[in-house]
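K.L.:
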Amino acid sequence: MTATLDAFRQGFPAFLLMTGTAGLLLLLASAVYVLLTPWKELALLKDGNSAAGLALAGAIVGLAIPIASCLAASLSLVDLLLWGSVALLLQLLTYRIIDMILKDIPQRIQNDEAGAAIVLIASKISVALILAAGLWDPNLQRLY
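Each residue of the sequence shown is one higher than the last, beginning at 1244 in the numbering used here.
1. Could you spell out the range, first to last residue, of the alpha helix (DSSP H) harbouring E1284?
2. Beta-carbon within less than 7 Å of L1374's beta-carbon, same chain only, minus the 5 sequence neighbours each way: which residues are those?
3. Candidates D1347, L1323, A1302, R1351: which alpha carbon is nearest V1370's?
4. Just checking my contact of L1378 with A1316 at CB under 8 Å: how many whole Å lie between their CB atoms?
5. Applying the 10 Å Cβ sphere with the 16-neighbour rule, what's the burial state of I1348?
6. Is there contact between the stretch 1292 to 1300 and the stretch 1349 to 1368, where contact requires at least three CB pairs shorter than 8 Å?
7. I'd like to know whether the C-beta atoms of A1365 and L1323 end up nearer to each other than 8 Å.
8. Going by DSSP, what residue range makes up the alpha helix (DSSP H) through W1400?
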């Protein structure tokens, strides 16, 4: 039992640091996402727009997936910060591209159309899963 408690005491601070850093990355990316979207989710949410809530929830999950992948694969805090930042920048760029491709989506979200929000969620989470798989081995050692 003593070995277990010693291992916990040694590992818990690193767990808190890495997980807390991942959480802060997600919070930062979510804030940037809200600032970049052509509609204002928080204002729409306050007005009872459920499509905006769905779209924002999908975006947060879509941002969390690559961060979780980075957290699982990172060997150090610097590693997590580096690859986590890369993941979030790529995901935010991808979100912007999806928003441009689905041109009528912003207006449809503002009109509280759930179907548009669902297409947006599916697109963003699909890209997040692909990105997360690529980030699982950021050094791509399997190719060497």
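The C-beta atom is built at its ideal place from N, Cα and C for all residues, glycine as well.
P.N.:
Reading it off the structure:
1. Residue mapping note: residue 1284 aligns to position 41 of the sequence shown, counting from 1. Its alpha helix (DSSP H) spans residues 1284 to 1289.
2. Mapped onto the sequence shown, residue 1374 falls at position 131. Cβ within range, chain order: P1309, A1330, L1333, Q1334.
3. Position 127 of the sequence shown holds residue 1370. For V1370, the nearest C-alpha among the options comes from A1302.
4. Along the sequence shown, one-based indexing puts residue 1378 at 135. Along the sequence shown, one-based indexing puts residue 1316 at 73. Yes, they are in contact, since the Cβ atoms of L1378 and A1316 sit about 7 Å apart, within 8 Å.
5. Position 105 of the sequence shown, counted from the first residue, corresponds to residue 1348. Label assigned to I1348: buried.
6. yes
7. Numbered from its first residue, the sequence shown carries residue 1365 at position 122. Numbered from its first residue, the sequence shown carries residue 1323 at position 80. It is not a contact, given that the beta carbons lie outside the stated cut-off.
8. Residue 1400 is absent from the model: the chain starts at 1244 and stops at 1387.
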